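Heads up: the protein sequence lines correspond to chains Z and G, in order.
Anchor point for the first sequence: position 3 equals 28 in this note's numbering, and the numbering is continuous, going up by one each time.
Anchor point for the second sequence: position 65 equals 119 in this note's numbering, and the numbering is continuous, going up by one each time.
Cβ atoms here follow ideal geometry from the backbone N, Cα and C, with glycine treated the same way.
Model, not experiment: these values are computed from the prediction.
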Amino acid sequence: MIPKSLQGVHEIPSEITSLVKESVINTFASIIGSEPSYVEQNGQSKSLNGVIGNIAVFNQQHTLSLMIVIPKETALKISEIFIGMEIPFESDDMGDLVGEISNILAGDVAASIETVGFRGQSSLPTATRGSDLTLFLPNKPPTEKLKFTGPSGDFWVNMALSESR
Amino acid sequence: MGKVKALVVDDSKIMRSAVKRALDQLMLADFEYVEAMDGQDALEKFNDEIEIMFVDWNMPNMTGVEFSRAIRDKGDTEHIPIIMVTAEKSMGKVDKALNEGGANEYITKPFTADNMHKTISRYFDDDGNIIGEESEEEEEKSFFSSILKS
């Protein structure tokens, strides 16, 4: 379904975007106990004080990179629900938590995009914390920014589809 | 209640804590935990006293499936239940863990104490001791000894 060469492909195939949206909603519902909603207005212009989980689902042809962008307030609320107590934003545990959320999301994404022919495996997650962060996606499409909101606050999932090297 | 030594293998400290917390809530046994942060670390910490293992899949150095395979290849470990606790959800992955890896059960993250209970309670007797799966050799031995007794 995805052409081997992404030259001239400007958008992530809509089937993949829909499946990722669905995975994000299901994954966060299972983690925080209530479904977040997708917010049509995408993008995020202001700088971020928060934590970012990075993970990829890849095979020999393609790599779908996922960047889960969680503002500090949302991260603290999620930790309270998922762990049963608020963990300090500055602690290693916060990076561990966001890495694990990324891992769970990638597991769900990998299983769901298999249904449209993208059979891949998850990379190991990494997490980055910081303040006044400006996020860039690669200049070359295809990329997509998805915004979600829920009882724990807002968060974003940015994704990029590239050829595996 | 019987004391059971459990090996919990996950590169996430938070998930190791979540597994331990769920097991403590279940009150199936009085668990004593050995923690490992990847398959390699788990192989080093594995010993004859380990009675049940909870193993993540996606870890650096050695994956959970590679670790499970290595444990089964040691021989005489079929009686130790290996529970894969992982974010991997596709049927192909489940199949790989159970068949190639030799795991007994598969739980996807995030899990609840309830689905942990449904998956592992059959491995415990009422006194909180592990009921291990018999190896083929042991099954054969007990089959013949039951014939001899009768």
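Query - Under 8 Å between C-beta atoms of residue 175(Z) and residue 53(Z) - result: It is a contact, given that the beta carbons lie within the stated cut-off.
Query raised in the report: Hey, out of 131(G), 159(G), 142(G), whose CA is closest to residue 102(G)'s CA?
Result: Residue 131(G) is the option with its Cα nearest to residue 102(G).
Query raised in the report: Given residue 60(Z), which residues of its chain have a CB within under 6 Å of its CB, disregarding the five upstream and five downstream residues?
Result: Answer for residue 60(Z): 50, 54, listed in chain order.
Query raised in the report: Given a threshold of 16 other Cβ atoms within 10 Å of its Cβ, counted over all protein chains shown, does residue 204(G) qualify as buried or as exposed?
Result: Annotation note: pLDDT 48 at residue 204(G) (below 50); position unreliable, no value reported.
Requested in this report: Consider the Cβ of residue 125(Z): report whether some Cβ of chain G lies at a distance smaller than 8 Å.
Outcome: Yes, residue 125(Z) lies at the interface with chain G (some Cβ there is under 8 Å from its Cβ).
Report task. Using three-state DSSP, classify residue 143(Z) as helix, strand or coil. Result -> For residue 143(Z), the secondary structure class from DSSP, reduced to helix, strand or coil, is coil.
Query raised in the report: Quick one: complete alpha helix (DSSP H) runs, 4+ long, within the segment 108–164 of chain G?
Result: Listed in chain order, the complete alpha helix (DSSP H) runs (minimum 4 residues) inside the segment 108–164 of chain G are 118–128, 145–149.
Query raised in the report: How many whole angstroms separate the CB atoms of residue 62(G) and residue 70(G), which I take to be in contact at a CB cut-off of 8 Å?
Result: The beta carbons of residue 62(G) and residue 70(G) sit about 5 Å from each other, so the pair counts as a contact at 8 Å.
Query raised in the report: Taking DSSP as the reference, what is the three-state secondary structure of residue 204(G)?
Result: Its pLDDT being 48, under 50, residue 204(G) is placed unreliably in this model, and the coordinates cannot settle the point.
Requested in this report: Starting from residue 142(G), find everything on chain Z with Cβ-Cβ shorter than 8 Å and list it in chain order.
Outcome: By Cβ distance, chain Z contributes 132, 135, 136, 147.
Report task. May I ask you to list, following chain order, the residues of the segment 59–71 of chain G that have a beta carbon less than 7 Å from some beta carbon of chain Z? Result -> Correct list: 66, 67, 68, 69.
Query raised in the report: Closer than 8 Å, CB to CB, is residue 115(G) near chain Z or not?
Result: No, because no Cβ of chain Z sits closer than 8 Å to the Cβ of residue 115(G).
**Report entry** residue 91(Z): CB within 7 Å of a non-hydrogen atom of the ligand SAH
**Finding:** The model on display carries no ligand, and the ligand SAH is accordingly not part of it.
**Report entry** C-beta neighbour in chain G for residue 186(Z), strict 8 Å
**Finding:** For residue 186(Z), not one C-beta of chain G is nearer than 8 Å to its own C-beta.
Query raised in the report: Helix or strand or just coil, what does DSSP make of residue 32(Z)?
Result: Three-state DSSP puts residue 32(Z) in coil, outside helix and strand.
Query - Residue span of the beta strand (DSSP E) that contains residue 186(Z), given as start and end - result: 178–188 is the span of the beta strand (DSSP E), which, as asked, contains residue 186(Z).
Query raised in the report: Comparing alpha-carbon positions, which option in 105(Z), 64(Z), 190(Z) lies nearest residue 97(Z)?
Result: Here the closest residue by C-alpha is 105(Z).
Report task. Thinking residue 119(Z) and residue 182(Z) are a contact (beta carbons under 8 Å), I'd like their distance in whole angstroms, please. Result -> Your pair residue 119(Z) and residue 182(Z) does not check out as a contact, with CB atoms roughly 18 Å apart and the cut at 8 Å.
Query raised in the report: Would you report the Cα separation of residue 116(Z) and residue 153(Z), rounded to the nearest angstrom?
Result: Linking residue 116(Z) to residue 153(Z) through their CA atoms gives a straight-line distance of about 12 Å.
Report task. State the Cα-Cα distance for the pair residue 174(G) and residue 84(G), rounded to the nearest angstrom. Result -> Between the C-alpha atoms of residue 174(G) and residue 84(G) there is a straight-line separation of about 14 Å.
Report task. Could you tell me the distance, in whole angstroms, from the CA atom of residue 92(Z) to the CA atom of residue 80(Z)? Result -> Cα-Cα distance, rounded: 7 Å.
Report task. Taking C-beta pairs closer than 8 Å, name the residues in chain G that residue 108(Z) reaches, listed in chain order. Result -> Simply 68, 71, 72.
Query raised in the report: For residue 73(G), which residues does DSSP report across the bridge?
Result: Under DSSP, residue 73(G) takes part in no beta bridge, so it has no partner.
Query raised in the report: So with Cβ pairs under 8 Å, would you call residue 50(Z) a contact of chain G?
Result: Output row for residue 50(Z): interface = no.
Query raised in the report: In terms of DSSP beta bridges, what is residue 110(Z) paired with?
Result: Under DSSP, no beta-bridge partner is assigned to residue 110(Z).
Query raised in the report: Where are the beta strand (DSSP E) runs, 3 residues long or more, that stay fully inside the segment 31–92 of chain Z, in chain order?
Result: Uninterrupted beta strand (DSSP E) stretches at least 3 residues long and entirely within the segment 31–92 of chain Z occur at 62–64, 73–83, given in chain order.
Query raised in the report: At a Cβ threshold of 8 Å, is residue 163(G) touching chain Z?
Result: Residue 163(G) has a beta carbon lying within less than 8 Å of a beta carbon in chain Z.
Report task. Identify which residue in 109(Z), 40(Z), 33(Z), 32(Z) has its Cα closest to the Cα of residue 26(Z). Result -> Sorting 109(Z), 40(Z), 33(Z), 32(Z) by C-alpha distance to the C-alpha of residue 26(Z) places 40(Z) at the top.
Query raised in the report: Under a CB-based cut-off of 8 Å, is residue 153(G) close to chain Z?
Result: The Cβ of residue 153(G) sits no closer than 8 Å to any Cβ of chain Z.
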